[in-house]
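Working notes, beginning with the structure itself.
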Amino acid sequence: LKTLLRERQHSSLHRDLIHSQPEVAALYHELARLGVQEPVIAKWLQQVQILLRPDAQKRLGRQAVLHALMQSFSVADPWESAGDGPRCWAFLGTAGVGKTTTLAKLAVVAALARKQRVGLISLDHQRLGAMEQLAAFARLTDLPFLNVHGRTELIQAVTAMHHLDCIFIDTPGRNPHEPILGRELKELLGDLPHLQCHLLISAGAAESLLAATIKGFGALPLASLILAKVDENPEPGGWFNQICLSGLSLSFLTTGPRVPEDLVPASRPLVVSLLLGSTALSQETEVPDTQPCEVNHHAGL
Ligand SMILES: Nc1nc2c(ncn2[C@@H]2O[C@H](COP(=O)(O)OP(=O)(O)OP(=O)(O)O)[C@@H](O)[C@H]2O)c(=O)[nH]1
Ligand SMILES: [Mg+2]
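Residue numbering for the sequence shown follows our numbering, starting at 800 and increasing by one per position.
Below is the structure:
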């Protein structure tokens, strides 16, 4: 009855698709079971329709319907962003989501694998020991580090690091329900030149918190979402819904606390395989940049 009621919410065109295409029906029921929301399913069915445009009678295979699902969300590669001067990446999110650890992972990737000149800035004076955590990492890795209070000092710090390629900025964890969050974020970071804001969301968090986080931090233009702690994620439906509904691009996934190993660049096949289980994709759908997504439980930063 539930399935019938769900199906009735779709246009007759989409209902026909579910009834006439067995692979569409199979994936439809899988997505419904995972808690994928109807607007996300409708987006996917629109993509399926596009695949059928040349020949409406064609029988779609599993890989084709998965390919359509991969068009329901976007991924981004922040390393590709160009421009004059250093690229500044600010890491935003709720308390404990993994901002500092992810920053450290990306700083190591930038400095060692990408041979970039990297600088670190901490704006976190909220949590006891937060600034010392990043300062200790900077000493360990021999990266320049500045600890700043407020926008004026932040601009001065970025100016002092103008000769670098990448500047990673750590921010304090914030409650997305705070009414002043948007105003404070804009006052601190709004319109800073070359700044990309990356919002971390925890894969294991309740969908309502994910939605509130994206809305609260969305007061600033967000360059990407980073899906953190996928190793702690029992139910992928929630984060998948929010990635599709937000329209924001996913850039990285974090798979454990180890620096720098537990970080994976986002790709469409990886997201779908995390949603449906790693056996969902055949070799032919996988793209070369997909790295194995191992779950690790070793010590972190
Ligand atoms: N399981 C798991 N743990 C992680 C991951 N990333 C970070 N952690 C752990 O999560 C905890 C919090 O990480 P932090 O990087 O300090 O989080 P934060 O967002 O900077 O926290 P605040 O600065 O307090 O807001 C630490 O114990 C990390 O080791 C991950 O991908 N998976
Ligand atoms: Mg932190």
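All C-beta atoms in this analysis are idealised placements derived from N, C-alpha and C, irrespective of residue type, glycine included.
Per-residue DSSP class, three states only, for residue i
i	result
Pro1064	strand
His924	coil
His813	helix
Leu945	strand
Ser1007	helix
Leu1069	helix
Gly972	coil
Ile847	Reading off the sequence, residue 847 comes out as Val, not Ile. The answer is helix: DSSP assigns Val847 an H, G or I state.
Ala956	helix
Gly895	coil
Leu1075	helix
Asn1032	coil
Gln856	coil
Lys1014	helix
Arg861	helix
Glu879	helix
His866	helix
His818	helix
Arg950	helix
Leu911	helix
Where the alpha helix (DSSP H) through residue i begins and ends
i	result
His828	Pro821 to Arg832
Arg938	Ala929 to Thr940
Leu984	Leu980 to Leu988
DSSP beta-bridge partners of residue i
i	result
Ile840	According to DSSP, Ile840 bridges with nothing at all.
Ile1025	Leu999 and Phe1051
Ser873	Ser1048
Leu902	Note: Leu902 sits in no beta bridge, so no partner.
Leu994	Cys887
Leu919	Phe944 and Phe967
Element boundaries [beta strand (DSSP E), containing residue i]
i	result
Arg886	Arg886 to Leu891
Phe967	Cys965 to Asp969
Q. Which residues have a Cβ closer than 6 Å to any heavy atom of ligand 2, listed in chain order?
A. Lys898, Thr899, Asp923, Ala929 and Asp969
**Q.** Contact the segment 897 to 914 vs the segment 1002 to 1016: 3+ CB pairs below 8 Å
**A.** no
(Q) Is it the case that the segment 849 to 868 contacts the segment 937 to 955, given that we only count it when at least three CB pairs across the two stretches are under 8 Å? (A) no
Q | the segment 1052 to 1062 touching the segment 843 to 857, judged by at least three CB pairs closer than 8 Å | A | no
Q | Cβ pair count under 8 Å reaching 3, the segment 882 to 890 against the segment 838 to 853 | A | no
Q.
Taking contact to mean 3 or more Cβ pairs, one atom from each stretch, closer than 8 Å, check whether the segment 1036 to 1048 and the segment 1017 to 1027 are in contact.
A. yes
Q. Would you say the segment 1008 to 1021 touches the segment 956 to 972, given that touching needs at least three Cβ pairs under 8 Å?
A. no
Q. Does the segment 950 to 968 come close enough to the segment 987 to 996 that 3 or more CB-CB pairs lie under 8 Å?
A. yes
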